[in-house]
Amino acid sequence: MKRSDRLVSLMNYFWENPREHTALPVFSERYDAAKSSVSEDLDIIDRVMRDEGIGYLQTLPGASGGVRFIPEFSQENSKVFIKELCDMLEDPERILPGGYLYMSDMLGNPKMVSQIGRVLASAFADEQIDVVVTVATKGIPLAYAVASVLNVPVVIVRRDPRVTEGSSVSINYVSGSSRKIQTMVLPKRSLQEGANVCIIDDFMKAGGTINGMISLLDEFDANVSAVGVLAEADDEEDERVVDKYKSLVKITNVDGKNQQITVAPGNALD
């Protein structure tokens, strides 16, 4: 196989297997090429990825060493994309009652959801994450996008139990914004004890839902390593019950009467 063909095939392999450790002999046998040639190929791919700001190849030394692709959105690429999100969300026609924004079109756009997932996953690049957890809302597409980049499974917390999922653990929690008591359910088989969890949600006001998920995960002795949201409401900061999280955008002012809205970058890049 020519080097140009090998490079295309290797790039495709890394995109389909992010964060997966692969020994160099695997590539040598797959392409019937010398280890030195494969190493040169990997150097080229690593350089291009870094230049494009889409990630890098991490070399693992030792007898069982190899390489794995770490997908990351560079700070520059992330800033450009978050600016685009802010511009889109500042459209007054998106204002909904209660200070919410219409975002269904964005969450239904596969390309945009994929980019959101890459930016959020990049914010957690240094964390050890075993599973992404979300609640059964519009945040599900975002959870799958983040999990795809991190190459981990997704677990969905539901509002009521399902007979097809077996025995479950349930808790009652207080919604941070409405102050209503609600219920969350998670099947016992869905999460291993002691798992490192990344919680993903689409919109956070006071953070009651996320705090409820944290309480539910405590029942599994899970470690919440990261919390990420697409958008947060700035006017709920005084009542917020979650303090450690990453957001892409911050809704700082929603005036339904005058049809005005202000959206600023969140803290994901801090």
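When you number the sequence shown by the UniProt record's numbering, it's gap-free, plus one each residue, and the end is 270.
Every residue, glycine too, gets a C-beta built ideally from N, C-alpha and C.
Quick caveat, the model's predicted, so the values are computed rather than measured.
Cβ of residue i within 8 Å of Cβ of residue j?
i, j, result
"A136", "R158", "yes"
"V227", "K246", "yes"
"V254", "G207", "no"
"G212", "I156", "no"
"V133", "L217", "yes"
"E232", "K244", "no"
"P18", "V113", "no"
"E219", "V169", "yes"
"D202", "V229", "yes"
"I261", "P153", "no"
"S94", "T22", "Before going on, a small fix: residue 94 reads as Arg here, not Ser. Cβ atoms of R94 and T22: not closer than 8 Å."
How long is the line joining the alpha carbons of residue i and residue j, rounded to whole angstroms?
i, j, result
"N151", "E20", "8 Å"
"K2", "D32", "11 Å"
"I44", "I82", "29 Å"
"C86", "I214", "28 Å"
"K111", "L96", "24 Å"
"I181", "R6", "57 Å"
"V8", "P265", "35 Å"
"D160", "I199", "19 Å"
"Q259", "Q58", "48 Å"
"R162", "I129", "27 Å"
"D105", "E29", "45 Å"
"L4", "D126", "In the sequence on display, residue 4 carries Ser and not Leu. One C-alpha to the other measures close to 32 Å."
"T183", "W15", "38 Å"
"E239", "A268", "21 Å"
"T209", "G55", "32 Å"
"M103", "V131", "25 Å"
"P61", "P25", "13 Å"
"A147", "P71", "12 Å"
"D234", "V185", "29 Å"
"E52", "L107", "25 Å"
List the DSSP bridge partners of residue i.
i, result
"K250", "E232, A264"
"I199", "V133, V227"
"V157", "V135"
"P71", "G55"
"P25", "BP columns for P25 are empty, so no partner."
"P187", "S168"
"Y100", "L96"
"M204", "E232"
"D255", "Q260"
Grouping DSSP H, G and I as helix and E and B as strand, with all else coil, what is residue i?
i, result
"I95", "strand"
"I44", "helix"
"Y13", "helix"
"N172", "strand"
"I82", "helix"
"L269", "coil"
"Q128", "coil"
"D221", "coil"
"G62", "coil"
"Y144", "helix"
"D105", "helix"
"D5", "helix"
"Q182", "strand"
"D87", "helix"
"P110", "helix"
"G212", "helix"
"D76", "One detail in the question is off: residue 76 reads as Glu in this sequence, not Asp. E76: helix per DSSP, three-state reduction."
Output yes if chain B places a C-beta closer than 8 Å to the C-beta of residue i; else output no.
i, result
"L142", "The displayed structure is made up of one protein chain only, and chain B is not part of it."
Cβ contact check for the region 189 to 197 and the region 215 to 225: 3 or more pairs under 8 Å = yes
ask   = On the three-pair Cβ rule with 8 Å, is the region 141 to 148 touching the region 112 to 127?
value = yes
message = Check whether the region 76 to 84 and the region 37 to 50 are in contact - that is, three or more C-beta pairs closer than 8 Å.
response = no
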